[in-house]
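As numbered in the UniProt record's numbering, the sequence shown has no gaps in its residue numbers, which increase by one up to the final residue, 270.
Glycine is no exception: its CB is placed at the ideal position from the N, C-alpha and C atoms.
Since this is a predicted model, take the numbers as computed values, not measurements.
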Amino acid sequence: CPECQVPLRRSNFRVQLFEDPVIEKEVDIRKRILRDYNKKEEDFATLEEYNDYLEQVEEIIFNLTNGINTIETNRRIDQYKKENREQILKSKMKLGRGELELEELLEVEKQMEQERVNDLAQEEVEQRRKKIRAKEALIDELMFSHGDATDILKNFQAGLDAELRAEEAAKANIVPKQTQFSTGIKFTDRHAYKPLIMQEEGPLYVYEPPRFECNGPTPPSWEEITAEGSGYLDHIRRPTPDESAGGFDSALSCSRALQEAVVSLYYTNT
1 CPECQVPLRR SNFRVQLFED PVIEKEVDIR KRILRDYNKK EEDFATLEEY NDYLEQVEEI
61 IFNLTNGINT IETNRRIDQY KKENREQILK SKMKLGRGEL ELEELLEVEK QMEQERVNDL
121 AQEEVEQRRK KIRAKEALID ELMFSHGDAT DILKNFQAGL DAELRAEEAA KANIVPKQTQ
181 FSTGIKFTDR HAYKPLIMQE EGPLYVYEPP RFECNGPTPP SWEEITAEGS GYLDHIRRPT
241 PDESAGGFDS ALSCSRALQE AVVSLYYTNT
């Protein structure tokens, strides 16, 4: 560094992902801390202990991100590493096996995709060969047969249609193979999905404003409360800038207080 004369390594630099450098710093610290604080919920006896552990992790990340008690926080991290060294290694081994299984699933998916592409290419080649053989057979029939050319073409087309229907029926009887992808979701061929059942359409929704049963004198309306010179808001606390930014208005609390003051005044116990 030209200012502090600290030697810097090029390997420590990387492309910034977030516009805010504080967020970038927090993400980097979180990744580094979670490499060692890698316990799962099943590692704790109760949910409360697991929540306390998560709170401790967040406190450490917050302190390191904002430069609060960094020396004491780093000392806590070192102490945790010493006390839980075996547990950290076991958790990392679990992650390694999980990543290995994921790679195996991805490799299986890649092989299946390649097999599907090869099957499609082979089927396309076979279709071309069938067309060539059918064309040659039609030419031979027209050359050496003594029948009418129109009848020969009709019979030939009928034979092609019957062969096509037989192939489609054979494909329909094939049970689609179920595939489990690396995400854990199982998929079959897209033609195996059942069509959606159309629901009967009912009448359209018509909005009706809610009725307010006051059972007492009619409270002043919003327009009356907020009208200039009405006097309703003279002794009501003004909202703070934060409250105004959140959408709060003093007329809301005033209107509710007036409604509570007059509601059920006409109530009689019958």
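**Q.** Sub-8 angstroms separation of Q259 and P209 beta-carbons
**A.** Within the sequence shown, the letter at position 259 stands for residue 259. Within the sequence shown, the letter at position 209 stands for residue 209. Contact flag unset, no.
Q. If you draw a straight line from the alpha carbon of P21 to that of K90, how long is it in whole angstroms?
A. Taking the first residue of the sequence shown as position 1, residue 21 is located at position 21. Taking the first residue of the sequence shown as position 1, residue 90 is located at position 90. Spanning the two alpha carbons is a distance of roughly 34 angstroms.
Q.
Measuring alpha carbon to alpha carbon, tell me which residue in C214, E200, F18, R256 is nearest W222.
A. Locating residue 222 in the sequence shown gives position 222, where the first residue counts as 1. Selected option, being the one with the closest Cα: R256.
Q) For the candidate residues A245, S244, S250, whose alpha-carbon lies nearest to that of L233? A) Here residue 233 refers to the residue found at position 233 of the sequence shown. Comparing Cα positions, the closest option is S250.
(Q) Assuming I88 and K81 are in contact, meaning their beta carbons sit under 8 angstroms apart, how far apart are those beta carbons, in whole angstroms? (A) On the sequence shown, position 88 is the one that residue 88 refers to. On the sequence shown, position 81 is the one that residue 81 refers to. 7 angstroms between Cβ atoms; contact.
Q. Where do the N-terminal and C-terminal ends of the alpha helix (DSSP H) with Q259 fall, by residue?
A. The residue given as residue 259 occupies position 259 in the sequence shown. Q259 -> alpha helix (DSSP H) spans 250 to 262.
(Q) Short of 6 angstroms in beta carbon distance, which residues of its chain neighbour I236, apart from the five on each side in sequence? Order them along the chain. (A) Position 236 of the sequence shown, counted from the start, is the residue given in the question as residue 236. Correct list, in chain order: S250, C254.
Q. Is the stretch 53 to 69 close to the stretch 27 to 39, with three or more CB pairs under 8 angstroms?
A. yes
Q. Under 7 angstroms from any heavy atom of the ligand ADP, does the C-beta of K110 make it?
A. As for the ligand ADP, it is missing from this structure, which has no ligand bound.
Q: Using a threshold of 8 angstroms, state whether the C-beta atoms of E141 and I152 are closer than that.
A: Within the sequence shown, numbered from 1, the residue matching residue 141 stands at position 141. Within the sequence shown, numbered from 1, the residue matching residue 152 stands at position 152. Yes, they are a contact pair.
Q | When S145, L106, K40, S264 are compared against L54, the one with the closest alpha-carbon | A | On the sequence shown, residue 54 is found 54 positions in, with the first residue counted as 1. For L54, the nearest C-alpha among the options comes from K40.
Q: Verify whether the separation of the beta carbon atoms of Y37 and F44 is less than 8 angstroms.
A: Counted from its first residue, the sequence shown places residue 37 at position 37. Counted from its first residue, the sequence shown places residue 44 at position 44. No.
Q. CA-CA distance, T188 and L102?
A. The residue you call residue 188 lines up with position 188 of the sequence shown. The residue you call residue 102 lines up with position 102 of the sequence shown. Because the pLDDT at T188 is just 49, under 50, the model does not fix this residue reliably, and the point stays unresolved.
Q) R68: buried (16+ other C-beta within 10 angstroms of its C-beta) or exposed? A) Within the sequence shown, the letter at position 68 stands for residue 68. The sequence given here has Ile at residue 68, not Arg. That one is exposed.
Q | Assigned exposure category for I71 - 16 Cβ within 10 Å defines buried | A | Position 71 of the sequence shown, counting from 1, holds the residue named residue 71. The residue is exposed, with fewer than 16 neighbouring Cβ atoms inside 10 Å.
(Q) My output table needs one value for Y37: the three-state DSSP class, helix, strand or coil. (A) Here the question's residue 37 lines up with position 37 in the sequence shown. The answer is coil: DSSP assigns Y37 none of H, G, I, E or B.
Q) Hey, T65 and E26 are a contact pair by Cβ (cut 8 angstroms); roughly how many whole angstroms apart? A) Against the sequence shown, residue 65 aligns to sequence position 65. Against the sequence shown, residue 26 aligns to sequence position 26. T65 to E26, Cβ: 5 angstroms. Contact.
Q) Mapping DSSP to helix, strand and coil, what is F187? A) Translated into the one-based positions of the sequence shown, residue 187 becomes position 187. Any reading at F187 must be qualified, since the residue scores a pLDDT of 49, below 50, and its modelled position is unreliable; the value itself is stated next. Looking at F187 - three-state DSSP - the assignment turns out to be strand.
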